Amino acid sequence: MKMLVVDDEQDIELLIRQKFRRQIRDGEYEFVFASNGLDALEKLRTEQGIEIILTDINMPVMDGLTLLMKVGELDRVLRAVVVSAYGDLGNIRTAMNRGAFDFLMKPIDFDDLEITIDKTRKQVEQIKEAMQEHSQLEAMHHELDIARTMQQSVLPSTGTLGDRNDIDLHARMIAAREIGGDFYDFFMLDQDRLGFIIADVSGKGIPAALYMMLSRSLVRSRAHRDLSPARCLKEANDVLCVNNATSMFVTMFYGILDLRDGVVRYCNGGHNSPFHLRWDGGVQALEQIGGPMLGAWEGATYTEATFTMKPSESLFLYTDGITEAESAEREFFTTERLETALEKRLNLTPMELVNSMIEAVNAFSAGAQQSDDITAMALRYRP
Numbered sequence: 002m003k004m005l006v007v008d009d010e011q012d013i014e015l016l017i018r019q020k021f022r023r024q025i026r027d028g029e030y031e032f033v034f035a036s037n038g039l040d041a042l043e044k045l046r047t048e049q050g051i052e053i054i055l056t057d058i059n060m061p062v063m064d065g066l067t068l069l070m071k072v073g074e075l076d077r078v079l080r081a082v083v084v085s086a087y088g089d090l091g092n093i094r095t096a097m098n099r100g101a102f103d104f105l106m107k108p109i110d111f112d113d114l115e116i117t118i119d120k121t122r123k124q125v126e127q128i129k130e131a132m133q134e135h136s137q138l139e140a141m142h143h144e145l146d147i148a149r150t151m152q153q154s155v156l157p158s159t160g161t162l163g164d165r166n167d168i169d170l171h172a173r174m175i176a177a178r179e180i181g182g183d184f185y186d187f188f189m190l191d192q193d194r195l196g197f198i199i200a201d202v203s204g205k206g207i208p209a210a211l212y213m214m215l216s217r218s219l220v221r222s223r224a225h226r227d228l229s230p231a232r233c234l235k236e237a238n239d240v241l242c243v244n245n246a247t248s249m250f251v252t253m254f255y256g257i258l259d260l261r262d263g264v265v266r267y268c269n270g271g272h273n274s275p276f277h278l279r280w281d282g283g284v285q286a287l288e289q290i291g292g293p294m295l296g297a298w299e300g301a302t303y304t305e306a307t308f309t310m311k312p313s314e315s316l317f318l319y320t321d322g323i324t325e326a327e328s329a330e331r332e333f334f335t336t337e338r339l340e341t342a343l344e345k346r347l348n349l350t351p352m353e354l355v356n357s358m359i360e361a362v363n364a365f366s367a368g369a370q371q372s373d374d375i376t377a378m379a380l381r382y383r384p
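The numbering used here puts the first residue of the sequence shown at 2, with every later residue one more than the last.
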C-alpha cells in the first residue's frame, strides 16, 4: 500500500519511518512525503500507485482542506485521512464534506493510525473491485438515484400542517450531485405545539441516505412520545452510537414551538445555530445550547434552552451547505454573510425568505460546483 503523507512538520517523516519500520521493511507500506498541498499535488502527478493520503490541515502554500478539494477533482481512486491538531467541528465537517474518509487528532496515536490505514486500505480495495466491471458502475449510479429518492421522499410539505393561521412555514433542500444526508422535518405534536428539525449527516451516498432515514425515525418517534428536545436527542444518540462501525454522525437541531404563547424549547446537537429574526429588526443567532453531534459519543448529555417568539417574528434554520458554499474564487459564503443577508430580508414571508436566500447562495457560488446539500427552513409565528 503506497501512501502520501502531507505535513510541514519536519519530524513527521522520521516518526512515521520509525513507527512503521517493520511494515516498510516487509513491503506492506510505502510512504511518499510532501510538505504542503501544492507539493502533494506534484507528488501525485509524478508518483504512481498512491492510494491513501494522510494530510495535516494547517500548512503553508496550500492547506489540507484545499488539497482535499483538489484531490476530489482527480480522476483516480484515492482516499484521504486528515491527521491534525485542529479538531474543531468546523474543520471536521469541512474535511468530511470534501471527501475525507476519516479524521484523527494530533498527537498521533500510531496504533489508531494503523487501524485507520487498514480500514482505508480495505475501502480502496472495495472501490477498485467495484470499478473493474462497467455493470457495477451502472449499479452504483442506480443506487445513487435510489438514495436521492429516499432523501426526497421523507421531506414533508407545508400542506401537512393543514390550514393553520398561527404558523407560516417553508423548507427546501437542494441536493448536491453527490448525495449527502441533509434533512428537515416538522409535525404537530398536539393541537398547540409544533415540532421542527433540521439535520446534516456526515458522509455521502447510500450510507448517508440510510443514516439520515434512521436518524429521522429515531428522533421523530421519540418526539411523538412527548419527550423533551434534550431527551429526544440523548436517546437517539445512544442508539446511533451502538455498533456504529461506519463512524458516521449527524448534527441536529430540534425545537418545539408552543403556538399559544410563542415559547420555543430547543436542543442543538452540534448543528449550526438558527437565526431569530426579531420584531425590532434585529437578527440574532440562538445560543449554542444542547450537546455534541449524534452518533459520536455514547452516553453524551444534552441540555435545552427556551426563548419566546413575539408575533410576526421568524426563525431561519439552515445546514452548512449554505455557509460553506464556495465562490469561483474558493471563498466561503460564511455565517457573517448569511446574517447580513437575513438583515435585508426581515419582512419576507418564510417561502420568500427561503427562496431568496438560496438564490443569494447560488449567485455567490455561480461558476462553482455545488459540493454539499443546501437546506433551509423558515417559520413565522403569527398568533
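The beta carbon of each residue, even a glycine, is placed where N, CA and C say it ideally should be. Computed from a predicted model, the values in this text were never measured in an experiment.
Item, Value
"For threonine 309 and glycine 291, the rounded distance between their alpha carbons", "17 Å"
"Distance, valine 6 Cα to isoleucine 54 Cα", "6 Å"
"Which listed residue (Asp167, Pro157, Thr161 and Phe188) has its alpha carbon closest to that of methionine 174", "Pro157"
"Endpoints, beta strand (DSSP E) assigned at glycine 270", "264-270"
"Segment limits, alpha helix (DSSP H) that includes lysine 20", "12-20"
"Nearest-angstrom Cα separation, counted from tyrosine 303 out to glycine 270", "8 Å"
"Own chain, CB closer than 8 Å to methionine 97, minus 5 neighbours either side, in chain order", "Phe104, Ser203 and Gly204"
"Contact check, phenylalanine 255 vs leucine 234, beta carbons under 8 Å", "Note on identity: in this sequence residue 255 is tyrosine, with phenylalanine being the wrong assignment. It is a contact, given that the beta carbons lie within the stated cut-off."
"8 Å Cβ cutoff met for phenylalanine 197 and phenylalanine 184", "no"
"Cβ-based neighbour list, proline 384, same chain, cut-off 6 Å, excluding 5 preceding and 5 following", "Asp167 and Pro312"
"Three-state class that DSSP yields for aspartate 169 in the structure shown", "strand"
"4 or more residues per run - each alpha helix (DSSP H) lying fully within the stretch 323-378", "335-344 and 351-365"
"Status (buried if at least 16 other CB within 10 Å, exposed otherwise) for asparagine 363", "exposed"
"Cβ-Cβ distance between proline 208 and threonine 247 below 8 Å", "yes"
"Residues that DSSP places opposite methionine 174 in a beta bridge", "Thr376"
"Contact belief for threonine 320 with isoleucine 199 at Cβ below 8 Å, rounded distance in angstroms", "7 Å"
"Serine 201 versus Leu16, Gly296, Ser36 and Ser357, residue with shortest Cα-Cα distance", "It should be noted that the sequence gives aspartate, not serine, for residue 201. Minimum Cα distance to aspartate 201 is reached at Gly296."
"Minimum C-alpha distance to glycine 50 - residue among Gly65, Ala237, Leu278 and Val78", "Val78"
"Limits of the unbroken alpha helix (DSSP H) element including phenylalanine 111", "111-131"
"Residues of its chain near aspartate 262, where Cβ-Cβ distance is below 8 Å and the 5 sequence neighbours each way are ignored", "Thr309"
"Sufficient close CB pairs (3 or more, under 8 Å) joining the stretch 343-361 to the stretch 267-283", "yes"
"Within 8 Å, strictly: CB atoms of serine 315 and alanine 367", "no"
"N-terminal and C-terminal residue of the alpha helix (DSSP H) that threonine 95 is part of", "90-98"
"Collapsed DSSP secondary structure at threonine 247 in the structure displayed", "coil"
"Residues of its chain near phenylalanine 250, where Cβ-Cβ distance is below 7 Å and the 5 sequence neighbours each way are ignored", "Ser203, Met294, Leu295, Gly296 and Ala297"
"Buried or exposed by the 16-neighbour rule on C-beta atoms within 10 Å, applied to glutamate 398", "Any question about residue 398 goes unanswered here, given that the chain covers just 2 to 384."
"With 16 other Cβ atoms within 10 Å as the buried cut-off, status of serine 222", "exposed"
"Proximity to leucine 162 [Cα-Cα], best of His143, Ile13, Glu139 and Asp193", "Asp193"
"Limits of the beta strand (DSSP E) - the one that threonine 307 falls within", "306-309"
"As assigned by DSSP and simplified to three states, the class of glutamine 192", "coil"
"For tyrosine 185, the residue or residues it bridges with in DSSP", "Ile199"
"Glycine 65 and valine 83 closer than 8 Å at C-beta", "yes"
"Separation of proline 108 from glutamate 52, as counted between CA atoms", "24 Å"
"The alpha helix (DSSP H) enclosing glutamate 236, as first and last residue numbers", "230-242"
"Coarse secondary structure for arginine 80, derived from DSSP in three states", "strand"
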